[in-house]
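*Asks:* Protein chains in written order, with our numbering: chain Y, 283 to 626; chain B, 57 to 414. Idealized CB from N, CA, C, for every residue including glycine. Since this is a predicted model, take the numbers as computed values, not measurements.
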Amino acid sequence: MVLMLVKFDLKKRVKLAQTVWFMYWFAVMAGVLVFSMGLFFKIELRKRSELMDNNESHFLPNLLILMGLITCGINAFGGKICYDSLDPNKFVKWKSILKSFLVLCVVFNGLLFLTALMCFLMRIPLQFTLAEGLKNGMRYYKDTDTPGRCYMKRTLDLMQMEFRCCGNDNYRDWFEIQWVSNRYLDFGAKEVKDRIGSNVDGQYLMDGVPFSCCNPSSPRPCIQNQMTNNTAHYSYDHYTEELNVWKHGCRDAMLSYYGGMMNTIGALVLLVTVLEVAVTIGLQYVNSSLSTLANPEDPESESEGWILEKTVKETFTDIMATMKSMGKGTKVEEGGEAVVTTVS
Amino acid sequence: MLLKIKFTQQRRVRLAQGLWLLSWMAVMWGVIIFCLGVYLKTELLRRAEVMDNSEIHVVPNILMMVGLASIGTNWVASRACQDSLDATRFPRWKVFLLAWFAVAAVLCCLLIVVVVLSYALQGSLEESLKVGLRNGIRFYKDTDVPGRCFQKETIDRLQIEFRCCGNSNFKDWFEVQWVSNRYLDFTSKDVKDRIRSNVDGRYLLDGVPFSCCNPASPRPCLQLQLTDNSAHYNYDYQSEELNLYSRGCRQALTDYFMELMNSTGPGVLSVILIQLSVCLSLRYLQTAVEGAMALEDPEGDSEGFLLEKGVKETLEDLKANALKMLKFGQVDPNAAEGSSEAADAEKAEKTASPTPAS
Numbered sequence: 283m284v285l286m287l288v289k290f291d292l293k294k295r296v297k298l299a300q301t302v303w304f305m306y307w308f309a310v311m312a313g314v315l316v317f318s319m320g321l322f323f324k325i326e327l328r329k330r331s332e333l334m335d336n337n338e339s340h341f342l343p344n345l346l347i348l349m350g351l352i353t354c355g356i357n358a359f360g361g362k363i364c365y366d367s368l369d370p371n372k373f374v375k376w377k378s379i380l381k382s383f384l385v386l387c388v389v390f391n392g393l394l395f396l397t398a399l400m401c402f403l404m405r406i407p408l409q410f411t412l413a414e415g416l417k418n419g420m421r422y423y424k425d426t427d428t429p430g431r432c433y434m435k436r437t438l439d440l441m442q443m444e445f446r447c448c449g450n451d452n453y454r455d456w457f458e459i460q461w462v463s464n465r466y467l468d469f470g471a472k473e474v475k476d477r478i479g480s481n482v483d484g485q486y487l488m489d490g491v492p493f494s495c496c497n498p499s500s501p502r503p504c505i506q507n508q509m510t511n512n513t514a515h516y517s518y519d520h521y522t523e524e525l526n527v528w529k530h531g532c533r534d535a536m537l538s539y540y541g542g543m544m545n546t547i548g549a550l551v552l553l554v555t556v557l558e559v560a561v562t563i564g565l566q567y568v569n570s571s572l573s574t575l576a577n578p579e580d581p582e583s584e585s586e587g588w589i590l591e592k593t594v595k596e597t598f599t600d601i602m603a604t605m606k607s608m609g610k611g612t613k614v615e616e617g618g619e620a621v622v623t624t625v626s
Numbered sequence: 057m058l059l060k061i062k063f064t065q066q067r068r069v070r071l072a073q074g075l076w077l078l079s080w081m082a083v084m085w086g087v088i089i090f091c092l093g094v095y096l097k098t099e100l101l102r103r104a105e106v107m108d109n110s111e112i113h114v115v116p117n118i119l120m121m122v123g124l125a126s127i128g129t130n131w132v133a134s135r136a137c138q139d140s141l142d143a144t145r146f147p148r149w150k151v152f153l154l155a156w157f158a159v160a161a162v163l164c165c166l167l168i169v170v171v172v173l174s175y176a177l178q179g180s181l182e183e184s185l186k187v188g189l190r191n192g193i194r195f196y197k198d199t200d201v202p203g204r205c206f207q208k209e210t211i212d213r214l215q216i217e218f219r220c221c222g223n224s225n226f227k228d229w230f231e232v233q234w235v236s237n238r239y240l241d242f243t244s245k246d247v248k249d250r251i252r253s254n255v256d257g258r259y260l261l262d263g264v265p266f267s268c269c270n271p272a273s274p275r276p277c278l279q280l281q282l283t284d285n286s287a288h289y290n291y292d293y294q295s296e297e298l299n300l301y302s303r304g305c306r307q308a309l310t311d312y313f314m315e316l317m318n319s320t321g322p323g324v325l326s327v328i329l330i331q332l333s334v335c336l337s338l339r340y341l342q343t344a345v346e347g348a349m350a351l352e353d354p355e356g357d358s359e360g361f362l363l364e365k366g367v368k369e370t371l372e373d374l375k376a377n378a379l380k381m382l383k384f385g386q387v388d389p390n391a392a393e394g395s396s397e398a399a400d401a402e403k404a405e406k407t408a409s410p411t412p413a414s
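Now the structure itself:
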């Protein structure tokens with residue numbers, strides 16, 4: 283009992299081969315798409331690697347790039363096979379390797395599906411990397427004179443402005459670190475000495491945020507300093523003021539940015555997987571229809587095509603039996619020798 | 057005959073095929089020019105709030121028009137050369153082609169005009185930006201006045217995006233009150249002093265909004281009391297360079313738009329070249345095919361040329377034709393003399409159009 287049997291005459295075979303050839307070219311372009319998506323994701327991660335403490339994992343974009351290249355290769359090869367299948371002379375040389383190629387395709391489709399799954403799952407490690415990286419980034423904000431960290435201030439400022447966020451979880455994160463460098467603090471002033479004296483680690487902490495946290499949509503000029511002191515500013519209530527600075531934390535903002543990107547890429551890779559499965563089935567039909575010609579000498583004779591020669595269950599048991607016999611093959615030899623030695 | 061070339065049947069076929077491809081390429085370029093025009097127009101419209109007049113919009117308008125016209129014209133050219141190899145269909149194109157050459161010449165002239173205008177209108181753009189930005193800065197504080205409530209956000213986002221401050225530089229902010237009265241405590245001494253010391257009763261500061269801050273500065277941004285060296289530790293107003301953006305927004309926006317228009321320059325020039333080559337090839341094809349149709353053996357050799365007679369003779373011919381057409385309506389020879397001067401002027405226009413490439 284074959285799976286999904288279809289009868290073919292010459293015209294139908296030609297049409298099938300042409301359609302599958304066309305689909306293979308689409309699949310090659312899909313492979314290019316996967317490759318470029320991996321490249322794009324890699325570049326985006328590199329752009330903000332400073333904010334992730336250079337700790338981010340490039341596993342996913344590298345995998346996407348690799349799968350994209352393999353997709354292109356396999357599909358170009360499959361397309362060539364389809365093109366040759368129209369000419370019986372050329373097709374003969376492909377007949378032998380076609381079965382193993384189809385098995386390879388099935389395995390590859392499984393890997394592609396796993397890649398798509400990874401795109402959705404890698405969000406979780408990214409969350410931890412971002413949390414760590416941003417916390418450290420904020421600590422180095424003031425170190426504009428330390429080589430290796432002198433661009434952290436600019437990177438953080440530009441990121442807060444671009445993603446419309448402030449601090450790690452919210453703007454209060456800036457209250458807990460010293461973000462003004464000692465170079466710009468007048469240690470002779472009473473106010474500075476008081477603040478440093480009142481802090482255990484001798485840090486200059488203030489209830490203020492950098493200018494990049496300011497929200498341009500606010501109706502009043504931005505209030506950055508003495509944010510918790512209602513009397514320091516006219517007509518200002520710290521608890522009800524909503525539009526003054528950005529409300530979101532940068533970790534959430536970046537996570538939703540990268541998460542969105544990964545979701546889109548995952549969805550596209552799923553679609554590519556569906557396309558790959560379709561072309562594999564098409565190639566299987568081409569293969570089976572060309573191997574069951576009623577009269578092998580006459581190219582115009584009828585033939586049948588199928589996906590599996592037996593039912594799914596039987597094919598599965600067949601595969602298991604083949605694997606067992608391959609395993610038993612070595613065992614039987616050993617057992618036979620032992621029997622021989624005991625007999626003799 | 058001007059620049060005549062011999063054409064065999066095969067050469068004619070080759071010419072027709074090559075011209076067909078060339079005209080489709082020209083259609084694509086027309087699409088590109090149209091898209092460039094749309095992009096330029098969108099960018100200008102986005103910043104329309106800080107521009108006072110819309111004179112500069114003539115550049116993208118002409119680009120869009122020329123793009124569309126060039127798509128149509130070159131599509132017609134491709135149909136003409138498809139029909140050129142079919143002796144029954146080609147004769148009806150005779151009158152059309154004359155008009156086609158005129159239209160193609162007008163298109164090339166318009167493209168050159170666009171290039172010239174994009175440089176010439178720079179002054180007008182700067183003036184428009186100067187007035188628009190001045191108003192924007194003046195109305196920055198009016199976030200409660202309907203119609204102006206978005207000026208603050210617009211100016212802030214503009215300064216952040218284009219990395220600029222004020223109209224010519226950051227001192228423009230010292231001359232306007234950019235803090236709304238709603239947020240000023242009129243009972244405090246500092247506010248009362250400042251307002252009294254100003255003739256118009258305005259609250260002026262030597263400070264700028266946060267959007268002028270430069271993220272590349274090594275120290276946290278100093279926005280207020282900018283001219284007072286003693287207000288900030290280790291600060292010298294005259295030598296501090298990176299604290300705020302040093303460019304004015306008028307300069308920044310002008311540079312941005314000029315760059316945009318200059319980058320369309322090569323595209324426009326290549327469209328002119330392609331259009332001219334389509335014109336030339338179509339003229340050769342037309343004359344060669346007509347020559348072949350006049351022979352007894354339509355598949356024989358014929359000659360293609362640009363003009364049947366020399367340039368001077370063609371001009372004189374056209375002059376004579378124009379005069380003849382005008383003389384039909386003239387009764388009085390005295391009136392004829394008076395109107396022949398007008399006819400001369402018209403002739404000059406007419407001779408310019410049908411000779412596109414010579």
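1. Check K60/B in the structure and name its three-state DSSP category.
2. F290/Y lies in the beta strand (DSSP E); which residues open and close that run?
3. With burial defined as no fewer than 16 other Cβ atoms inside 10 Å of the residue's Cβ, what is the status of W156/B: buried or exposed?
4. Which residues, taken in chain order from the segment 286 to 310 of chain B, show a beta carbon closer than 9 angstroms to some beta carbon of chain Y?
5. Could you tell me the distance, in whole angstroms, from the CA atom of V159/B to the CA atom of N318/B?
6. Just the chain Y side, please: which residues come within less than 8 angstroms of E209/B by C-beta, in chain order?
7. What residues from chain B crowd round F493/Y, counting only those whose CB sits closer than 8 angstroms?
8. Run through DSSP, which three-state label would K297/Y get?
9. If you run the structure through DSSP and keep just helix, strand and coil, what is S702/Y?
10. Output the residue ranges of the beta strand (DSSP E) runs that lie fully inside the segment 170 to 216 of chain B and measure 3 residues or longer, sorted by chain position.
11. Do K186/B and N225/B have their C-beta atoms within less than 8 angstroms of each other?
12. Taking a Cβ distance cut-off of 8 angstroms, strictly less, list which residues of the segment 436 to 451 of chain Y are near chain B, in chain order.
13. At 7 angstroms on the CB atoms, spell out the chain C contacts of D212/B, in chain order.
14. Which runs of the alpha helix (DSSP H) at least 4 residues long sit entirely within the segment 286 to 316 of chain B? Give them in chain order.
15. Please state whether DSSP places E558/Y in a helix, a strand or coil.
16. Whose Cβ in chain Y lies nearer than 8 angstroms to the Cβ of D262/B?
17. For S358/B, which beta-bridge partners are listed by DSSP?
18. So, is the C-beta of Y422/Y closer than 8 angstroms to a C-beta in chain B?
19. Specify, as a first and last residue, the run of the alpha helix (DSSP H) that Y365/Y falls within.
20. Check whether the segment 352 to 361 of chain B touches the segment 75 to 91 of chain B, counting contact only when three or more Cβ pairs, one atom from each stretch, lie closer than 8 angstroms.
21. Does any residue of chain B bring its CB to less than 8 angstroms from the CB of L467/Y?
22. Indicate whether V551/Y and V316/Y have their beta-carbon atoms separated by less than 8 angstroms.
23. Looking only at its chain, what residues have a beta carbon closer than 7 angstroms to the beta carbon of D228/B, apart from the 5 residues adjacent to it on each side?
24. Which runs of the beta strand (DSSP E), 3 residues or longer, sit entirely within the segment 320 to 383 of chain B?
25. If G86/B and I127/B are in contact, beta carbons under 8 angstroms, what's the gap, nearest whole angstrom?
26. At a Cβ threshold of 8 angstroms, is D476/Y touching chain B?
27. When the cut-off is 8 angstroms and only beta carbons count, does V106/B lie next to chain Y?
28. Is the Cβ-Cβ distance between L681/Y and C496/Y less than 8 angstroms?
29. Can you list, in chain order, the residues of its chain with a C-beta nearer than 7 angstroms to that of W303/Y? Leave out the 5 residues immediately preceding and following it.
30. I'd like to check one pair, D519/Y with N526/Y: are the Cβ atoms closer than 8 angstroms?
31. Give the DSSP bridge partners of C496/Y, in chain order.
32. With a threshold of 7 angstroms on Cβ separation, who are the neighbours of I505/Y within its own chain once the five nearest residues in sequence on each side are excluded?
33. Evaluate A549/Y with the Cβ neighbour count: other Cβ atoms within 10 Å of its Cβ, from every protein chain shown; 16 or more gives buried, anything less gives exposed.
34. Check whether the segment 343 to 350 of chain Y and the segment 318 to 330 of chain Y are in contact - that is, three or more C-beta pairs closer than 8 angstroms.
35. Return the chain-ordered list of same chain residues with a C-beta closer than 8 angstroms to the C-beta of L487/Y, the five sequence neighbours on each side being excluded.
36. What residues of chain Y sit near D241/B, judged by a beta carbon separation below 7 angstroms?
*Replies:* With the given structure in hand:
1. In the three-state scheme derived from DSSP, where H, G and I count as helix and E and B as strand, K60/B is classed as coil.
2. Bounds of the beta strand (DSSP E) holding F290/Y are V288 to F290.
3. W156/B should be labelled buried.
4. Listed by position along the chain: H288, Y289, N290 and Y291.
5. The alpha-carbon atoms of V159/B and N318/B are separated by roughly 26 angstroms.
6. The answer, in chain order, is P498 and S499.
7. F266, C269, P276, C277 and Q279, listed in chain order.
8. Three-state DSSP puts K297/Y in a helix.
9. Residue 702/Y is absent from the structure shown; chain Y starts at 283 and stops at 626.
10. Runs of the beta strand (DSSP E) inside the segment 170 to 216 of chain B: none found.
11. It is not a contact, given that the beta carbons lie outside the stated cut-off.
12. Taking 8 angstroms as the Cβ-Cβ cut-off against chain B, the residues of the segment 436 to 451 of chain Y that qualify are R436, D439, L440 and M443.
13. Among the protein chains of the structure shown, namely Y and B, there is no chain C.
14. Fully enclosed alpha helix (DSSP H) runs of no fewer than 4 residues are not present anywhere in the segment 286 to 316 of chain B.
15. Reduced to three states, the DSSP call for E558/Y is helix.
16. Ordered by position in chain Y, no residue passes the 8 angstroms Cβ test against D262/B, which lies about 14 angstroms from the chain.
17. In DSSP, S358/B forms a bridge with F63/B.
18. Not closer than 8 angstroms to any Cβ of chain B, the Cβ of Y422/Y fails to qualify, so no.
19. Secondary structure note for Y365/Y: its alpha helix (DSSP H) is the uninterrupted segment F341 to S367.
20. Result no; under three Cβ-Cβ pairs closer than 8 angstroms.
21. Residue-level contact check: L467/Y touches chain B, since one or more beta carbons of chain B fall below 8 angstroms from its beta carbon.
22. Taking a C-beta distance under 8 angstroms as the contact criterion, V551/Y and V316/Y qualify as a contact pair.
23. Non-local beta-carbon contacts of D228/B in its own chain, meaning distances under 7 angstroms to residues more than five positions away in sequence, involve I193 and G222 in chain order.
24. Listed in chain order, they are 358 to 360.
25. In this structure G86/B touches I127/B by the C-beta definition: roughly 4 angstroms separates them, less than 8 angstroms.
26. The beta carbon of D476/Y does not come within 8 angstroms of any beta carbon belonging to chain B, so the residue lies off that interface.
27. V106/B does not count as touching chain Y.
28. Residue coverage of chain Y in this structure runs from 283 to 626, which leaves residue 681/Y outside it and unanswerable.
29. Cβ within range, chain order: G361, C364 and Y365.
30. No, the Cβ-Cβ distance between N526/Y and D519/Y is not below 8 angstroms.
31. According to DSSP, residue pairing for C496/Y in a beta bridge involves V527/Y.
32. Taking C-beta separations shorter than 7 angstroms and ignoring five residues to either side along the sequence, the partners of I505/Y in its chain run H515, Y518 and N526, following chain order.
33. Per the 10 Å Cβ criterion, exposed.
34. With the cut-off at 8 angstroms, the segment 343 to 350 of chain Y and the segment 318 to 330 of chain Y touch.
35. Excluding five sequence positions before and after L487/Y, the CB atoms of its chain that fall closer than 8 angstroms to its own CB belong to F457, E458, I459, Q460, R477 and N481, given in chain order.
36. Per Cβ cutoff of 7 angstroms: Y516.
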